[in-house]
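First up is the structure itself, then whatever we jot down about it.
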Amino acid sequence: MSELSSTTGNLEVPYTPPPATPHLAPREWVRANLFSTPFNSVLTVMSALILATIGRGLLSFLFNPIRQWDATATNLRLLMTQAYPEEQYLRVWVCTAVILILTGLSLAVWRAGSHVPVTKVGRNLLATGAVVALMTLLAPFSASATVQWLVAAAVVAGAGETLRRGVGMRASASGAGGSDESGDQVATISTLTLIAIALGGLVASLWVVPYGHHSYLMDRTPRVLAEPGTVAMTTKLPWTIMLLIVVAATFLGRSMRDRLPTNATRATLLVAWLLAPPTLLYLVLRDPSFDMGHVLGTDLPIFGAYAIGGGLLLSWLTRPTTGEIGRIVAAVVLVVGFCTFLTPMRMIVRIDMLMLASFALAAPTFAGGPRARRRYVTGWLGVLGVSSWLITAINTPSTVDVPGDFFIGGLSLTFIVAVFTIVVSFPLGILLALARTSTMPIFRLLATWFIEFVRGVPLITILIFFSIMVPLFLPRGMELGEVAAVVIGYALFSSAYLAENVRGGLQSVTRGQHEAAEAVGMTTGQKTVFIVLPQALRVSIPPLVGHCIGVFKETSLLAIIGLFDVLYIARVVMPNQTEFMGSTRENVLFVSLIYWIFAYQMSKASMRLERRTGLGER
Amino acid sequence: MTENPTEANPLDPVADAPADAPTGAARDLSGARDVIVCEDVSKWYGDFQALDRVSATIREQEVVVVLGPSGSGKSTWIRCINRLEIHQEGRIVVDDVELTNDLRNIEKVRSEVGMVFQQFNLFPHLTILDNVTLAPIWVRKKPRAEAEEQAMALLERVGIPEQAAKYPGQLSGGQQQRVAIARALAMEPRIMLFDEPTSALDPEMIKEVLDVMKTLAHSGMTMMVVTHEMGFAKEVADRLIFMEGGQIVEQNTPEAFFSNPTEERTKLFLSQIL
Amino acid sequence: MTSPTDTSGTQPSDTHAAVSARVPLWRDVVVLKWVTQVFLLVVVLGAMWFLASQAGDNLRARNINTEFDFIERPVDIQLGEGIDTHPDTGGRALWTGMVNTLRLSLAGIIFATALGVVVGLARLSDNWLVRQLGSLWVETLRNIPLLVQMVFYFSILTTLPRVGLDTGPINGWLHISNKGISMPRVFIADGFYQWLVVVLIGAAVGRYVHRRRSRIHDETGADTSPVLWALGTVAAFGVVGLFVHPAFSWLGGVFGAVAGVLDALPLVVPQILLCGVALGVTATWILRFLAAHRSARGHLSLTDDDWFRVLFAAAASLAVVYLMVRWTGLSSWILNSGRDLFEVIEAKFDVDGAARPFDAMRPDIVQKGKFPNYGTNGLTMTLGFAAVFFAVVFYTSAFIGENVRGGILAVPKGQTEAALAVGLTRGQVLRRVVLPQAFRVILPPTGNQYLNLTKNTSLAVAVGFSEIVQVGTTVFNQTGRTLPVVAIWMLFYLSCSLTISVIVNWFNVRMKLVER
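Chains as they are written, first to last, in my numbering: chain A, 1 to 618; chain B, 619 to 892; chain C, 893 to 1408.
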C-alpha cells in the first residue's frame, strides 16, 4: 500500500484509510493518535478543553429552563409556510407528496445509496452513545435527567455493540476459512434502509413521545395553546402518510427499474422534475376560476395556431435538404419575434413567438430522418403546451386568498426561490459560458463584461436594486410581483457564477475533441450539443453542486429586503409576538439547524457523487 | 524565400515535375481523377512560415505518404486539407470543392474527407458504438438502426466488434485508434487523412493499426498519410512526398525515393532514420 | 484571390469549374459570424435602450429624481460609528460608510487568513482530536448561511451584561458588554507622517542592505540571512525615527509648492496631456500588436479577433479624447483633486515640532452606560461591528482552511520524500519545498475568498452596522435617489474587487516567475 501511494504520490487521496484503527488496541491507538509527542499531548489537552467548553456552553444554552423553545414549537407552521390558510393546507401536503413520490422513484431508478457493513453501523451507534453519555456528564442537568440521558446513551451504545459483535463474530467465523475473501461475506445494509428506519423511528415517536401539543388558538382572543401530550393529529397523521408514500414510491421505482427501459424512465423522471416546480407552485398558490369563454375564444386558438404553424415550420426546417434557406427563415422568425415582443400584444403571442424563433434556430442541429423530425416537433408541442397553460393560468384570478404580498413564506419561500433561481440561471449560465469561450469577439466581450460586473458586486445590492427598481423598468401595464423580480435578479447573479463553473468544464475539453467533431463534419451547433457540453458539464458537476448549495444558503438574504423567508420570520416576526418576546436566539439557532442539515447533506451527497463518477471513469 | 508570395510562380519546379508520371508505381493511376489539388498553399503562424508554396495533386485511389522531420509542416498541410487550419495564400480544391469561407463547401468537404488523429480524439462520454454512429446520424441524417448496422460492420472490419458497448477509456491505444478509423469510415469518405496515426502508440500496438490501414489502402481508398513508419511507406505508398521547412522537397515512388533520392536534404534525412 | 494558371500536368477542368464563383453572402462563414454578433449587439443595446426609456418615463411620471446632487446637499443622518457620525452631506455619509466597509474588510481579511491557516493545519494534524476539531469547525460553519450566523452572534451579543464603570473582564483594559467590546488602542498622532518619511527612507536602505547581503551570500556562500537584516534595518529606522522625525517638517513646504503649481495650471494642460497619453499608449499598443503579427517578409496575418481588438483599442482611445475635450469638468476635477491632495499632505506636515508619531489610550467610560464615540477613546468594537466581524472571520476561515488543506495535500508526497532524501531537515522541507508549492495552489482560491469577504460585509446592513449599503439605504430613503446610490455602491464594490484581484494576480504572476 505504501509503495503504491509513493509511486502515485500526486494522486493521494486525502481520506485516511480505516484499516489503521481496528488493528491497534485502544491504548496504543490513544498513544499514537493523541500523545505521541509532548507537543501533541499539549494539543490534545487544549483541544479537549476547547471541546468541553463549547459542548458545555451549547448544552447549558439549549437546556436552560428560561429558553423559549415553545416559541419554535408553536410557530413551526409559520416557519414552514408563513400564513398559508389552514383550510387550504391539503394543497401543501399534496405538493409534498408529489415531491416525495418523485424522490422515491428517482432514488430507486438512479440506484442511489450504497451498502455499508453492519459492523460499521454498530461502531457509529456505539460512538454516538459514547458522545451522548459524555455530553450528558458535561451538561448541567438535574440528577434524574442525567440518569435518563445516560440510560438512553447506554441503550444506543448497547445496540451498537450488539450489532458490531454479533454480525462481526459471524463474519469472522465464516471468514476464518476463506482467508482474504471474507470481505464479500460481511453483512451489509443499504443506506436507504437505514434512513427509512431512522425516519420511521422519528415518525413513530410523534405518536408515542409526549413532545407536547402547541398551537395558536384562533378564538375571539387568539392565545397560545401549549399543553403536554403527543403531537397534534394535524401534524403526525400527514407525516406518517408522507413516510409511507416515499417508501412505497421507492419500492414502485425498484420494480419499474427492472421492467422498463432505463433511459426512457430516467428521461421521463427528469421531465417530471423539471415540470414539478411551476406546476406545484401553481397548485399551492392558485385555484383558478377559468373564464372558459376567454380560454376557448382566445387562448386555445392562439395555441392551435402556434402548434400547427410552428409544427409545420419546424418539420420543414428539420428536413436535411432544407439547407441555408432554413437558416435565413429562422433568422427572419427571430427578427419577427423581437418585433412582436416590443409591440403591445397578448403576452402569450409574444412569448410563443420568441420560443418558436429559438426552436427554429436550433432546428438544423437536430435535423434528421422522419423519427428525429417527429421527435423535435413533439418537443415543440410539449413546450408550447406547458408554457401556454402556465401563461393562461397565471393570468387567471385566483380563489386562494391569503394575506401578504406573497401567498406562501417561510422555508417554502426559501425553497421556491432557490429552485426557481437555479432552474432559470442554469440555461442562462451555460449560454454565458459558451459566449465567453466563443471565438466571436463581441459575444465574448459582452459575456465577459456581464460576468465580471456581476461577480464584482455583492448579491444584496442586486437584490435591493431589483426589488425596488424593477417596477420602474417595466412598460406600463405590465406588473411583476416582488418575489418574481427578486428571483430574476438572483438568477442573473447566479448565472454569472454558474457560467464561470461551466467555463472551467468547457476549457477542460481538449482541442482534439473539437477537431475530431469538426473532422466528421459536425456544425458548430452539433459539436457544442453532442460533444463539448456533455463532457464539460460532467466535469463541472462538483462545482455546480457547490454553487447550488451556495444559492440555497444565500436565499437567507431575502430577509434583508423584507420578504417573509424563514430567517425573517425567526428574527423579526416571532420575537414580536407578545408571548415570545426576545426569543431571537432560540429561533435563529433553530433556523441555523435547518440550513445546516440541508447544506451539509447536499455537500455530502456531492462528495459521494464525485467519488462515484471519479471511479466510474477510471 | 525572398520573392513576393502573392505573385505565384506557376512554373515552380518543385510542384511541377513528378506527380503525374509515377515511374515505378505499383498501380496505374494515370487515368484517375484529381481529388486533392493544392496550388501554392502558404501559411504563417505569426512570423513563422509553416507552409511555403506547397503544390501537389493527389488522385483517386492513390496512397500518398508524407515524410519529413518534425516541424516540417506535414501536419499543418494535412490539417489545411480538412480546413482545421486555414491557409492564407494559394488554393486547395478537394473533390471539386474549393476551400473558402463558404459554409456549404466546408461542411461538404468535411463530410467527404475522413481524418484520423495522432491522439485518437475519441469522444470519452460516448460508447464505442455511439462514437461511430454519432456523425452518420446527425450529419448524414441516417436512421439510427441503419447507422448502427453499418457501425457494427465497420467495427468488424477493424477487428473489434466485441468492444462496441465499452467506453473509449476502457480500450487500449491501438484499439482506440482502430475505433477512430472506423469512426472516420462511417461517414463513407472519399478520402482519408491520417495525421501520425501511430505516433502515440506503444510499439506492439502499431502493427494492428497499420494492418487496418493496409487493408484500407488495398480496398482502393484515396489516402494521405503523415507517418514515420518507413516500412508502411515502402509497402503501401504509391508515392512519397518529402517535406522540410514547409516546402515539398521531393516526391517520388517509394522505390526511387529510398534507393535513389535526388535531393541532398532527402539523402540527409534518410541517412538519419535508416 | 488570384486564379493562377494550372500548374499540374493534367488539366482536370471539372476541378476548376466550381471554384472561382464568389461565395454567396449567406454562406460566407465570416459574414455569418459578424452578422450574428452585430445582431446580438443591436438586440442588447436595443433592450437596454428600451428599458432605459421605460425607466425614464416611469421616473418622470412618478416624479423621481435621479441626480447626484444629494452628494453635496445637507442630510440629516446619524451614523452608529465611523470617521464622522454626523455627516453634513450625503457624500460625506457615504464616504463614512465606505471607510467602515474597508476597515471591516481589512480586519476581516487579516484575521480570517490567520484563523484559516490554523484550521487548515489542524485538519492535517497527526493528532486525532485536533483533526476532529478542525473538521467540526469547517463542516459546521460553512454549511450555515453567513447571514444566519451574523444574526445569531448579534442576538447573543445584545444579551451581554450592561456596561458599567467597573464591569468587564479586565477593568479599564477590556470591557465586554451589550454596547460592544472595548480595549486600549494605539493610534496615529500628528507626527506620524514625518515619521513615515523616516521609515520610507529606512525601507530604501533596507532594500540596499538586502541586496548587499544577498550578494555576499552568493559570493562567499556564508549564511547572511538578508531578509532578517533588511527587516532589522527598517525597524532600526523606525525606532530612531520616533526621536528624529521633526527634522522632516520642511517637506510640507515642498508639497505646498506642488499644490500651488497645480492650482496655477490652465485647464488645457491636463487635457492635452491626457489626450496625448491615451493616443500615445493606444498607438504604441496597436503598432506593437501589428508588428507582433507581421512575418519577417511583412506578411500581416490577423484573425477577426485581432482586427476587433485593434478597432476596439482605437475606438476606446478616441472616446477618451472626446470625453476629455467635451467634458472640461473632468480635467478641472483632476487638477482640483490633485491640488487638494497635495494641500492635505502639506497640512499633515504642518504640525508642532514636538508632536509624537503615536499615542495610546485606554477605554474610558465617560458617561454612565455609554461608551464614547469611536476614535475619541479606547478601541471600541460596536455590537454591529463585532457581529459582522466574527461572522465574516469564522465563515471565511472555514473556506480558507479548506484551501490551505487542499494546497498542502496537492504537493506530491514524492516532493517531501525527495527533499528528505537529499538531507533537508523537516523544517527546511516545509519552508523550502512544500510551502512554496502549496502557496501557489492556495493563493488563487484564497484571493477569491478575500473578494467574497469584502462583498459579504454588505450583509452588515442586517445588524445595523454603518457600512456603505446600510448608509446608502438610509440616504436613499431620505432623499429618494435610489438609482444614484445603487450606482455608487456598485462602483465602490467593483473598484474593491478590482483592487483585490490586481493584488492577487500580481502575486500569482510573481509566484509563476519564481517557479522558473
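Backbone N, C-alpha and C fix where the C-beta goes; we use that ideal spot for every residue, glycine too.
- Tyrosine 785 of chain B and glutamine 513 of chain A have their C-alpha atoms roughly 15 angstroms apart.
- The alpha-carbon separation between aspartate 856 of chain B and valine 681 of chain B amounts to approximately 5 angstroms.
- Under the rule that a run must span 4 or more residues, the alpha helix (DSSP H) segments found entirely inside the stretch 1323-1404 of chain C read 1327-1348 and 1360-1371.
- The DSSP assignment places 1143-1156 and 1160-1184 as complete runs of the alpha helix (DSSP H) inside the stretch 1139-1208 of chain C, in order along the chain (cut-off: 4 residues).
- If you draw a straight line from the Cα of threonine 1346 of chain C to the Cα of tryptophan 207 of chain A, it comes to about 49 angstroms.
- Taking valine 1150 of chain C as reference, the option from C:Ala1096, C:Asp1198 and C:Glu1238 with the minimal CA-CA separation is C:Glu1238.
- Spanning the alpha carbons of leucine 886 of chain B and valine 867 of chain B requires a straight line of approximately 12 angstroms.
- Between valine 551 of chain A and alanine 418 of chain A, the CB-CB gap stays under 8 angstroms.
- For a Cβ distance threshold of 7 angstroms, residue set Glu324 of chain A lies close to arginine 919 of chain C, ordered along the chain.
- Between the alpha carbons of valine 930 of chain C and leucine 924 of chain C lies a distance of about 10 angstroms.
- Looking at C:Val927, C:Gln1341, C:Glu973 and C:Val967, the one whose alpha-carbon comes closest to that of glycine 1276 of chain C is C:Glu973.
- With the rule of 3 Cβ pairs closer than 8 angstroms, the stretch 701-709 of chain B does not count as touching the stretch 794-812 of chain B.
- Interface annotation, valine 1011 of chain C: not in contact with chain A, CB-CB separation never under 8 angstroms.
- Taking all protein chains shown into account, cysteine 339 of chain A has fewer than 16 neighbouring C-beta atoms within 10 Å of its C-beta and is therefore exposed.
- Looking at the DSSP output, alanine 226 of chain A sits in a beta bridge with A:His214.
- As the crow flies, the alpha-carbon of proline 228 of chain A is around 16 angstroms from that of threonine 234 of chain A.
- Taking CB atoms only, serine 729 of chain B has a neighbour in chain A less than 8 angstroms away.
- Non-local beta-carbon contacts of cysteine 95 of chain A in its own chain, meaning distances under 7 angstroms to residues more than five positions away in sequence, involve Leu280, Leu283 and Val284 in chain order.
- Contact check for threonine 523 of chain A and proline 364 of chain A: beta-carbon distance about 7 angstroms, within the 8 angstroms limit, so the pair qualifies.
- In this structure, tryptophan 380 of chain A sits near glycine 310 of chain A, with a CB-CB distance shorter than 8 angstroms.
- The beta carbon of leucine 354 of chain A sits closer than 7 angstroms to the beta carbons of Gly337 and Phe341 from its chain, once the five residues preceding and following it are set aside; these are given in chain order.
- Close to serine 1350 of chain C, with beta-carbon spacing below 7 angstroms, are these residues of chain A in chain order: Pro458, Ile460 and Thr461.
- A Cβ-Cβ separation of about 5 angstroms places glycine 1072 of chain C in contact with methionine 1273 of chain C under the 8 angstroms criterion.
- Contact between the stretch 1362-1373 of chain C and the stretch 1297-1307 of chain C is absent, with fewer than three C-beta pairs closer than 8 angstroms.
- The criterion of a C-beta distance shorter than 8 angstroms is not satisfied by leucine 431 of chain A and alanine 276 of chain A.
- Taking all protein chains shown into account, threonine 694 of chain B has 16 or more neighbouring C-beta atoms within 10 Å of its C-beta and is therefore buried.
- At a beta-carbon threshold of 7 angstroms, the residues of chain A lying near alanine 753 of chain B are Val520, Gly521 and Met522, ordered along the chain.
- The residue among C:Pro1037, C:Ala953, C:Val1097 and C:Asp1242 with its C-alpha nearest the C-alpha of phenylalanine 473 of chain A is C:Ala953.
- Taking the beta carbon of asparagine 700 of chain B as reference, no residue of chain C falls within 7 angstroms; the closest one sits roughly 15 angstroms away.
- Burial state of phenylalanine 580 of chain A is buried, judged by a 10 Å Cβ sphere holding 16 or more other Cβ atoms.
- Taking 7 angstroms as the cut-off between beta carbons, the residues of the stretch 1357-1373 of chain C near chain A are Val1361, in sequence order.
- Contact of tryptophan 756 of chain B with chain C is not assigned, every C-beta pair being separated by 8 angstroms or more.
- Bounds of the alpha helix (DSSP H) holding threonine 751 of chain B are 746-756.
- Of the candidates B:Ile746, B:Arg651 and B:Phe741, B:Phe741 places its Cα closest to the Cα of isoleucine 531 of chain A.
- For glycine 1008 of chain C, no beta strand (DSSP E) run applies; the uninterrupted alpha helix (DSSP H) run containing it begins and ends at 982-1015, by DSSP.
- Chain B places a beta carbon closer than 8 angstroms to that of valine 915 of chain C, counting this residue as a contact.
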